[in-house]
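Asker:
Protein chains: 4
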Amino acid sequence: MNIAMLGSGFIARFYATTLHAQRRKDRILSVYSRNTSHAKKFAADFGLNKYGSEMEKIIQDPEVDAVIVALPNHLHEEAVLACVAAQKAVLCTKPLGRNASEAKRMLEAVEKAGIFAGYLEDLCYTSKFLKSLASIKAGNLGKILWTKSREAHPGPHSDWFWDKEQSGGGAIIDLGCHCVEISRNFIGKSIRPVEVMCWAATQVHPIDAEDHAIGLVKYENGAIGQFEVSWTFRGGMDLRDEVMGTEGTVWLNSFLRTGFEMFTTGKGENYIAEKAESDSGWLFPVGDESHELGYPQMFSDMFDAMEQGIEPQETFYDGYVVNAILDAAFLSAKSKKWEKVILEDWRGDSGIREEKSQVSYDEKYYLIKKEILPNGAEKVILKDKVTGEIKQKTIRD
Amino acid sequence: MNIAMLGSGFIARFYATTLHAQRRKDRILSVYSRNTSHAKKFAADFGLNKYGSEMEKIIQDPEVDAVIVALPNHLHEEAVLACVAAQKAVLCTKPLGRNASEAKRMLEAVEKAGIFAGYLEDLCYTSKFLKSLASIKAGNLGKILWTKSREAHPGPHSDWFWDKEQSGGGAIIDLGCHCVEISRNFIGKSIRPVEVMCWAATQVHPIDAEDHAIGLVKYENGAIGQFEVSWTFRGGMDLRDEVMGTEGTVWLNSFLRTGFEMFTTGKGENYIAEKAESDSGWLFPVGDESHELGYPQMFSDMFDAMEQGIEPQETFYDGYVVNAILDAAFLSAKSKKWEKVILEDWRGDSGIREEKSQVSYDEKYYLIKKEILPNGAEKVILKDKVTGEIKQKTIRD
Amino acid sequence: MNIAMLGSGFIARFYATTLHAQRRKDRILSVYSRNTSHAKKFAADFGLNKYGSEMEKIIQDPEVDAVIVALPNHLHEEAVLACVAAQKAVLCTKPLGRNASEAKRMLEAVEKAGIFAGYLEDLCYTSKFLKSLASIKAGNLGKILWTKSREAHPGPHSDWFWDKEQSGGGAIIDLGCHCVEISRNFIGKSIRPVEVMCWAATQVHPIDAEDHAIGLVKYENGAIGQFEVSWTFRGGMDLRDEVMGTEGTVWLNSFLRTGFEMFTTGKGENYIAEKAESDSGWLFPVGDESHELGYPQMFSDMFDAMEQGIEPQETFYDGYVVNAILDAAFLSAKSKKWEKVILEDWRGDSGIREEKSQVSYDEKYYLIKKEILPNGAEKVILKDKVTGEIKQKTIRD
Amino acid sequence: MNIAMLGSGFIARFYATTLHAQRRKDRILSVYSRNTSHAKKFAADFGLNKYGSEMEKIIQDPEVDAVIVALPNHLHEEAVLACVAAQKAVLCTKPLGRNASEAKRMLEAVEKAGIFAGYLEDLCYTSKFLKSLASIKAGNLGKILWTKSREAHPGPHSDWFWDKEQSGGGAIIDLGCHCVEISRNFIGKSIRPVEVMCWAATQVHPIDAEDHAIGLVKYENGAIGQFEVSWTFRGGMDLRDEVMGTEGTVWLNSFLRTGFEMFTTGKGENYIAEKAESDSGWLFPVGDESHELGYPQMFSDMFDAMEQGIEPQETFYDGYVVNAILDAAFLSAKSKKWEKVILEDWRGDSGIREEKSQVSYDEKYYLIKKEILPNGAEKVILKDKVTGEIKQKTIRD
């Protein structure tokens, strides 16, 4: 696969490093940057022959099989439309748009053009995520009741991220897009997100965008997908997910506690752990940052899907749904009440009701709880089916 | 200290076990239960000479120095008023009332009577909590921005807990009272809780009360105290707190991951870990459950305060504030919007504004972020004080 | 209980702090130090009326019920003999002696005098230890095969510890005494320790004693008790135990990972975590150091046993066995081979053989292993009872 | 790269799965098995056109660029010599030989033939290992004093492993080879391993080989590399490494605690965690087992080295040194004393002495320790350079 990279910043470099590692067969062919010298530097660093500041030219190159959009958020649409014009497969970094309208236009354009389009939502491709998702789909957690996805760190690397106009928001758009899609996968992509409640504030930085937010996304089956995002966290990069189901629990920690712990007085010469806030004391590096964040697995899925002519796991439609949820979150943060998720184009299930299990204990009672006490006795807590009265009964002393 | 215990159930036994352990000088003298045979059994188990089903008689006993109210929620007020009538020091289990009105009446009664009154909020007395609170008060975390307190397990032991009328609610009143007071301590008890947003649902059990809820409590200084409570959790008892401040982070785990891990095929003969859901496989017991939950430290503070004629760390006023916050949470769960916390009797600070730090980089710019890149280069992200434009600047290559 | 404290240093203060906390009924009455001004300072700090530098006088005081020996190792024997002379109950800090001869003389003296004598081995009283020991005794781990106890930190607080003559050795005598007794409890105190292999070296400090050692203690039933001790560890105080049995595993972490994690930029004003090597970055305090190290539980057992006229869990005999094992360790570190543990006075079981389980699969084969493969198939690995040939057999596809 | 796979069992399948994943450009071309039907099945599963039971034929195929030896230990030498005869690059699984003589013959054969030869020591390629090794080489831990590498699980999957003749031993040869090479890397490959002390026993299984062993490898610079290996562990696969240096500490956990925790009541339908001993309760899967164990990184290094004409990180010479150390371990387990490591062919440094740091405090004293007390005071512990006397001195109150 020959790839054109649009963008030469932090994320473009991360993508390129991933693609050129571990003897993968896909190669980056060319790079575009608005700034020619940045493009040239990037090309030199990754051994590319082609670079430039004319986006269309880079995209239209007949040798290019696929284009990766690794540009600031406000430039995604333009880049995607250029790929549509050139009929080139396109992979777009997250978030897809700054809002659902932008995302919907991109979605419709690629679908109309019939080109392959993938949504580069890396955190839905980490090995921990993929294995726990498979386990959840196999029923090991029963019905999913609640999920929590958290991403918090001391703030992004590039200036444009901090500017609401260019990025579309603050921590919600930057980090919330990950969290929302993680929860959506665990709860089930076919379950409709119905409404959102969100708190957001600018607690620390001299910016207009929010640097801290908490949101609850309610799904049609009663499940809640919670997101916690912050640019005010101290201590490194906090990436954790939790899932509660009727039959089990999943806890994932993708960064600060992964089985790699290190103490150093700091006498060594350099850089130890990414996004760590110090280089001495107890540090918690990850082994292979790009693998831990899901990049290699994501690109494998994308290119395998392209070759097989099927959809990747994360599509532009997913990106659109995420944007629609975040739109509701922004609204809610202002209106201070739950806001509906507006999805003009909904492709999942409809009309699912919140069902509660009513387990009968016998003809007269529902079972609320059965428990074994420390002394070995067993008791049940029951509810009268008619009167609603609640009582306990020892069934073994 | 001679103590009369009102109640003979799960929590009364926990309190008694704590008080009679570790060579403490305070002793339980007598026990009251609505059911004489329960009182008799309790007295036998703990070596007490006095027991009975007449509450006033037990309380008025001249040998009694202090009364512990360990009764179901709907009986707290009656018991507290009986202590007031008898002019006896009273320690009441959590929550103080089923709602703020009830709590306020108890508060006013004990204050008018001039008797010692303590609020038995054990989780604000765990050793981890006390040490982290001291550290936070010493400034190690800077300004507190957000706290999260979580308590989740598969549901309470006694029937009355599951009945909304007797308990005053479900997981919110049972577990939320802990979480709210933990966060209030970290944020600062003098900071006024202003409004609450809460989601609550009955997801699993055949009951009217909520078995799962998430709430955000907003404080006057802009800090958020989040609570997560559930009776639907699978895997044991999940007790975790988190604090984010401008200068640091605290993560506490009080139950499932405390440095005690055990695997067993299950061939041993008995009971291993409390509230564990199985007795084989990987188990995570705590060493000393009562210590881990703060009971001994709580009673020490209560009786030391009584002897010294000062207030304990947790008072009836605290119990009242907690109830007022939970009242707003219940309202919000129904109205689906933020609800004001109604505190007719507020004794803390007023008029605190949410302040944002605007750190000047130089005359022209505010500093948004300073960072050291992997290659050792240093860059700053700045905001123009006049135009608001955001830009980055490399200050060392 | 009225207690005379011999010693006014680090450990004496730790003991006193523990005893005077949590409304315990036992009180320290007096303190002895070789240095009167130290005794006076200690008395002032803990509110004692009596202090002095004449040891016999402090011990012989008729008001004294029990004496705690919290002196440097080379002064234990003299202090214990003075208690014997005064017929006072004596509790001696660890290690009992600098070697087995010294310990044996103390043991014989207290037994001949018929006084109560307790061995203050606090780490055999932590809540985690006590609960896991109970679980192991209940059979949850099957037969114990191997234990490992590890204590490592950057070195002791007082000068005399670093002097081989006064302390009896280095890290082995200081820390190994804990580790050996922990393993002995897990394996079973009635099982005879047979021989020891030990490596020891002075890797870092300009001292004669070892600052790092690893030892293996072999017990008569084939179990191994491993100790790892060091004064060269960087990162705080590492206190971990592991147990492997035929039916299970126990992992205990008593200090650096107990569910209390904290990050701070260091802007607060003071002291956060004991034995931490820094006051910024990620720190791992424990909630209540004295509880986590077993002090309150240890003194409760000692005084309860005294009152009940029974033996405490840790006796002078235990202290003597520990010294005998450490003597063999010192010998082995020099001879570079396994050395016998010389126990002239052995009170446990004798003649236990190392037994191996030979589980029959059927008449022809022993079962080596049964396993379920990822695809659900089941296979067994068998050994021919006659020929000894090993083969595998699929028993379910 | 076209690869011939010799072997079709557990490890061959693991290698093949790794190589054909993540869009890698290297492909397996053919497979050899002693049993044609096994070879045929393997070929079908991995989409290979060529398979067979004639090893030479498979190796000599002109299309083959490299041969992977994934056969039982007693067949390594024969397979390597066949590659030598065919002048084909060879990658041999661990351990290289059953003993140092066998390994040395293989080493000499490939060197004489001038073919590329790599030692497939995967655990020296995990991402955590590689990053911590880089950090250690950069000096962040100072001088390495001690390392511990531990591998323990309930025993291997295939019958031949349990047969001493075919495998060369038990847990020592199976797991110890990993541990020894991990420690050797951390301590420095150029430092000569001098002698070994080892305990080994058959504690549980009806076999002749050891199922549990602990060993200490002493290096010329005084560092100790400890290994702990067992086939008797209950609870899954325990893979942990620790490193202590004068300036820091590293703790790695590669399997049971990697940030993936799951509880399930077991109602789901299938296989959750590899080598877990149950499918309900708390489980600790790893995200991507092959990545966590270092396979992809290992093959990348091997093929990159082949293409660049350089040595891979792990060579046949390394395999030979490991075997020589394990030979000494087996000897020591029998002789019960330290045994010399016999290395007829030593290519590292020689004559390194154990050096101790003697830090001067001033003209008169060496510094033993400097510490800050809880009250902020600072003290030093010193040793007189002439008399050797140790004393403490408060340098700030």
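Note that the protein sequences, when read in sequence, are chains A, B, C and D.
Here UniProt numbering is used: position 51 in the first sequence is 51, and no number is missing along the way.
Here UniProt numbering is used: position 41 in the second sequence is 41, and no number is missing along the way.
Here UniProt numbering is used: position 286 in the third sequence is 286, and no number is missing along the way.
Here UniProt numbering is used: position 277 in the fourth sequence is 277, and no number is missing along the way.
Note that the Cβ used here is the ideal one computed from N, Cα and C, for glycine as well.
Source: prediction; values computed, not measured.
(1) Kindly list, in the order they appear in chain A, the residues whose Cβ is closer than 9 Å to that of C/Gly155.
(2) Per DSSP, what kind of secondary structure is D/Ser127 in: helix, strand or coil?
(3) Using a Cβ-Cβ distance cut-off of 8 Å, determine whether B/Thr265 contacts chain D.
(4) Using a cut-off of 9 Å between C-beta atoms, extract the partners of D/His74 located in chain C.
(5) On the premise that A/Glu228 lies in contact with A/Ser254, defined as a C-beta separation below 8 Å, what is that separation, rounded to the nearest angstrom?
(6) Please state whether the Cβ-Cβ distance between C/Leu141 and C/Gly248 is less than 8 Å.
(7) Do you know offhand how far A/Lys189's Cα is from A/Arg257's?
(8) Would the beta-carbon of B/Ser167 fall within 8 Å of that of B/Asn99?
(9) Quick one: what's got a C-beta closer than 6 Å to D/Trp231's C-beta in the same chain, skipping five residues either side?
(10) Quick test of the definition: if touching needs 3 or more C-beta pairs under 8 Å, does the segment 5-16 of chain B touch the segment 377-393 of chain A?
(11) Just confirm the distance between the C-beta atoms of D/Phe152 and D/Asp238, as a whole number of angstroms; I'd bet it's less than 8 Å.
(12) Note down, in chain order, all residues in the UniProt domain "GFO/IDH/MocA-like oxidoreductase" (135-250) of chain B with a beta-carbon under 7 Å from any beta-carbon belonging to chain D.
(13) Under 8 Å by Cβ, that's how I've got B/Ser300 and C/Arg23 pegged, so tell me the actual separation to the nearest angstrom.
(14) Between the alpha carbons of D/Arg234 and C/Lys379, how many angstroms are there, rounded?
(15) Quick test of your reading: C/Glu354 and C/Gly222, contact by CB under 8 Å. State the CB separation rounded to the nearest angstrom.
(16) Whose C-alpha, out of D/Thr246, D/Thr264 and D/Arg240, is nearest the C-alpha of A/Val250?
(17) List, in order along the chain, the chain A residues whose C-beta lies closer than 8 Å to that of C/Ser278?
(18) Which two residues bound the contiguous alpha helix (DSSP H) that contains C/Pro296?
(19) May I ask you to report which of helix, strand or coil DSSP gives B/Thr18?
(20) Are the CB atoms of A/Leu71 and A/Leu91 nearer to each other than 8 Å?
(21) In chain D, which residues lie with their C-beta within 7 Å of the C-beta of A/Thr17?
(22) Spatial neighbours of B/Trp338 within its chain, please: C-beta separation below 8 Å, excluding the five flanking residues on both sides.
(23) Run through DSSP, which three-state label would A/Ile172 get?
(24) Is any beta-carbon of chain B found at less than 8 Å from that of A/Lys383?
(25) Note the first and the last residue of the continuous alpha helix (DSSP H) segment covering D/Asp45.
(26) How many whole angstroms separate the CB atoms of B/Thr126 and B/Gly294, which I take to be in contact at a CB cut-off of 8 Å?
(27) Any Cβ of chain B within less than 8 Å of the Cβ of C/Leu252?
(28) If D/Val46 and D/His20 are in contact, beta carbons under 8 Å, what's the gap, nearest whole angstrom?
(29) What's the call for A/Thr394, buried or exposed, on a 16-neighbour Cβ count within 10 Å?
(30) Taking 7 Å as the limit between beta carbons, can you name the residues of its chain near B/Phe284, skipping five residues before and five after?
(31) Put A/Ile11 into one of helix, strand or coil per three-state DSSP.
(32) Let me check one thing: in DSSP terms, what residues is A/Pro193 bridge-paired to?
(33) Buried or exposed for B/Ser360, going by 16 or more other Cβ atoms inside 10 Å?
(34) From the DSSP output, in three-state form, read off D/Trp338 for me.
(35) Using a beta-carbon distance below 8 Å, is A/Lys41 in contact with chain B?
(36) Look up C/Asp61 in the DSSP assignment and say whether it is helix, strand or coil.
Answerer: Taking the definition as stated:
(1) In chain order: nothing, as chain A lies at least about 15 Å away.
(2) Helix.
(3) True, the Cβ-Cβ gap to chain D drops below 8 Å.
(4) By Cβ distance, chain C contributes nothing, its closest Cβ being about 13 Å from D/His74, past 9 Å.
(5) The beta carbons of A/Ser254 and A/Glu228 sit about 14 Å from each other, so the pair does not count as a contact at 8 Å.
(6) It is a contact, given that the beta carbons lie within the stated cut-off.
(7) Rounded to whole angstroms, the separation of the alpha carbons of A/Arg257 and A/Lys189 is 29 Å.
(8) No.
(9) Within the same chain, D/Trp231 has close Cβ partners Gly155, Ala171 and Asp211.
(10) They do not touch, by the three-pair rule.
(11) The amino acid at residue 152 of chain D is misidentified as Phe; the sequence shows Ala. At roughly 4 Å, the Cβ-Cβ gap stays under 8 Å, so D/Ala152 and D/Asp238 are in contact.
(12) When C-beta distances to chain D are compared with 7 Å, the residues of the UniProt domain "GFO/IDH/MocA-like oxidoreductase" (135-250) of chain B below that value are Arg234 and Gly235, in chain order.
(13) Under the criterion of beta carbons closer than 8 Å, B/Ser300 and C/Arg23 qualify as touching, at roughly 5 Å.
(14) Distance between D/Arg234 and C/Lys379, taken at the CA atoms: about 19 Å.
(15) The beta-carbon separation of C/Glu354 and C/Gly222, rounded to 3 Å, stays under the 8 Å limit for a contact.
(16) Shortest Cα-Cα distance from A/Val250 to any of D/Thr246, D/Thr264 and D/Arg240 involves D/Thr264.
(17) Within chain A, the residues near C/Ser278 are Ser280 and Gly281.
(18) Membership of C/Pro296 in the alpha helix (DSSP H) is indicated by the continuous run Tyr295 to Gln308.
(19) Looking at B/Thr18 - three-state DSSP - the assignment turns out to be helix.
(20) Contact check for A/Leu71 against A/Leu91 fails: the beta carbons are separated by 8 Å or more.
(21) Within 7 Å Cβ-Cβ: nothing; A/Thr17 doesn't reach chain D, min ~14 Å.
(22) Sequence-distant Cβ neighbours of B/Trp338 in its own chain, meaning closer than 8 Å and more than five residues away, are Glu195, Val196, Met197, Lys218 and Ser332.
(23) Residue state, collapsed to three classes: helix.
(24) Answer yes: the Cβ-Cβ gap between A/Lys383 and chain B drops below 8 Å somewhere.
(25) Start and end: Thr36 to Phe46.
(26) In this structure B/Thr126 touches B/Gly294 by the C-beta definition: roughly 4 Å separates them, less than 8 Å.
(27) In terms of beta-carbon proximity, C/Leu252 lines the interface with chain B, with at least one pair separated by less than 8 Å.
(28) Here residue 46 of chain D turns out to be Phe, not Val, going by the sequence shown. Right, their Cβ atoms sit about 6 Å apart.
(29) Per the 10 Å Cβ criterion, exposed.
(30) Cβ contact annotation for B/Phe284 (same chain, cutoff 7 Å, sequence separation greater than five): Gly236, Leu256, Arg257, Phe260, Glu261 and Ala273, in chain order.
(31) The three-state reading of DSSP puts A/Ile11 in helix, counting H, G and I together.
(32) Within the DSSP bridge table, the entry for A/Pro193 names A/Tyr219 as partners.
(33) It is exposed - the Cβ of B/Ser360 has fewer than 16 other Cβ atoms within 10 Å.
(34) Three-state result, D/Trp338: coil.
(35) At a cut-off of 8 Å, the C-beta of A/Lys41 has no neighbouring C-beta in chain B.
(36) Looking at C/Asp61 - three-state DSSP - the assignment turns out to be coil, as it is neither helix nor strand.
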